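A.B. asks: The structure that follows is given in the form of structure tokens.
Numbering (the UniProt record's numbering), first residue to last: 1 to 331.
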């Protein structure tokens with residue numbers, strides 16, 4: 001095939017290229033190692049020196065023309081591609097926009113923030129602690145003896161040891177360990193609450209879950225009595241439920257308080273137990289090297305899940321962990 005035919009065929013193919021991919025294939029076919037141009041140049045070895053010189057000059061001119069045509073076509077195709085992309089991405093500002101889907105705080109988060117706000121107004125500091133605890137912080141320091149039912153596998157998630165450590169680890173069953181951690185590093189007087197997630201090894205149903213949310217409080221000062229405890233809780237429930245909400249105590253038992261009380265509120269004409277409380281047991285003070293005769297304190301604990309269910313009229317605790325947007329969007 002002669003140079004004129006190579007040039008004419010090449011320019012025609014270039015003009016007909018529909019996209020950059022096709023143009024790249026044409027470039028290889030016209031100027032690549034296996035192209036007609038390459039075969040033509042190799043055939044010059046059989047000609048005389050003067051013929052090779054003239055044919056070589058002519059071949060270089062053809063290559064230059066083809067290369068220029070390829071570059072021009074490439075720019076044309078790039079421009080077409082740009083125009084097509086712009087047209088496809090064009091925004092019609094007269095059309096209504098798409099609303100950004102707004103997230104919602106979880107109902108337990110809403111209640112927790114409200115609980116923290118109320119206790120903060122009474123001078124309580126909110127603290128968080130680890131969810132994986134040692135046996136000492138979760139049980140021993142809180143006067144829970146080794147034969148107490150709470151230590152059973154049926155009630156507690158114990159973590160298998162992976163080393164020679166003498167410490168036993170577990171998923172905390174209450175947030176009270178944070179009270180011990182705080183007292184180890186601080187001297188009274190103080191007021192703290194410790195909200196957070198806790199875990200119980202029990203079956204799930206409408207009113208029970210293996211993971212719960214609690215808030216536990218502790219106040220230590222001189223000459224503290226049950227009257228102070230009742231005053232704090234009466235103020236809290238009057239703010240949380242409504243002004244003048246009746247609160248009453250009933251006798252109860254907790255290893256870490258003595259005396260211990262159940263806390264009941266009058267909810268829609270019925271008395272409901274919503275918290276446990278009492279005066280801090282002297283053995284708890286001894287565990288953190290407080291002198292019991294110098295300090296007194298009260299502690300209380302309540303379930304944030306239960307408070308949330310009361311506030312919003314939720315009858316199944318499992319709704320909180322199912323991630324159903326139809327439920328969560330209501331808050």
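Glycine included, C-beta positions come from ideal geometry on N, C-alpha and C. Only a predicted model underlies this, so the values are computations on that prediction, with no experimental measurement involved.
Label residue 86 either buried or exposed according to how many other C-beta atoms from any shown protein chain fall within 10 Å of its C-beta, with 16 as the threshold for buried.
C.D. replies: Here the question's residue 86 lines up with position 86 in the chain shown. It counts as exposed.
A.B. asks: Could you spell out the range, first to last residue, of the alpha helix (DSSP H) harbouring residue 82?
C.D. replies: Here residue 82 corresponds to residue number 82 of the chain shown, with the count starting at 1. Per DSSP, the unbroken alpha helix (DSSP H) holding residue 82 starts and ends at 49 to 88.
A.B. asks: Just verifying my parser: in three-state terms, what is the DSSP assignment at residue 325?
C.D. replies: Your numbering for residue 325 matches position 325 in the chain shown. Three-state DSSP puts residue 325 in a helix.
A.B. asks: Give me the Cβ distance between residue 73 and residue 23, rounded to the nearest whole Å; I'm assuming they're in contact under 8 Å.
C.D. replies: Start at 1 with the first residue of the chain shown, and residue 73 comes out as number 73. Start at 1 with the first residue of the chain shown, and residue 23 comes out as number 23. Correct: roughly 6 Å between the Cβ atoms.
A.B. asks: Do you know whose CA, among 193, 245, 132, 17, lies nearest residue 113's CA?
C.D. replies: Stepping through the chain shown from its first residue, residue 113 is reached at position 113. Here the closest residue by C-alpha is 193.
A.B. asks: With 16 other CB atoms within 10 Å as the buried threshold, where does residue 305 fall?
C.D. replies: The count along the chain shown starts at 1 and reaches residue 305 at position 305. Residue 305 comes out buried.
A.B. asks: If you draw a straight line from the C-alpha of residue 218 to the C-alpha of residue 266, how long is it?
C.D. replies: Here residue 218 refers to the residue found at position 218 of the chain shown. Here residue 266 refers to the residue found at position 266 of the chain shown. Residue 218 and residue 266: Cα-Cα distance of roughly 24 Å.
A.B. asks: Which residue's Cα is closest to the Cα of residue 292: 231, 11, 188, 315?
C.D. replies: Along the chain shown, one-based indexing puts residue 292 at 292. When each option's Cα is compared against that of residue 292, the closest is 188.
A.B. asks: Cα-Cα, which of 283, 129, 274, 272 is closest to residue 258?
C.D. replies: What you label residue 258 is simply residue 258 of the chain shown in a count that begins at 1. When each option's Cα is compared against that of residue 258, the closest is 283.
A.B. asks: Can you tell me which of the three DSSP states residue 191 falls into?
C.D. replies: Looking up residue 191 in the chain shown gives position 191. It is a strand residue.
A.B. asks: Do the region 137 to 145 and the region 166 to 177 meet, that is, are 3 or more Cβ pairs less than 8 Å apart?
C.D. replies: The region 137 to 145 vs the region 166 to 177: in contact.
A.B. asks: Is it buried or exposed for residue 173, if we count other Cβ within 10 angstroms and need 16 for buried?
C.D. replies: Position 173 of the chain shown holds residue 173. Label assigned to residue 173: buried.
A.B. asks: Can you tell me where the alpha helix (DSSP H) holding residue 14 begins and where it ends?
C.D. replies: Position 14 of the chain shown, counted from the first residue, corresponds to residue 14. Segment 3 to 16, the alpha helix (DSSP H) holding residue 14.
A.B. asks: Please tell me whether residue 69 and residue 14 are closer than 8 Å, where the distance is taken between their beta carbons.
C.D. replies: The sequence position of residue 69 within the chain shown is 69, counting from 1. The sequence position of residue 14 within the chain shown is 14, counting from 1. Cβ atoms of residue 69 and residue 14: closer than 8 Å.
A.B. asks: Residue 212 and residue 303: beta carbons closer than 8 Å?
C.D. replies: Taking the first residue of the chain shown as position 1, residue 212 is located at position 212. Taking the first residue of the chain shown as position 1, residue 303 is located at position 303. Contact check for residue 212 against residue 303 passes: the beta carbons are separated by less than 8 Å.
A.B. asks: Taking Cβ to Cβ, would you say residue 133 is nearer than 8 Å to residue 196?
C.D. replies: On the chain shown, residue 133 is found 133 positions in, with the first residue counted as 1. On the chain shown, residue 196 is found 196 positions in, with the first residue counted as 1. Contact: no.
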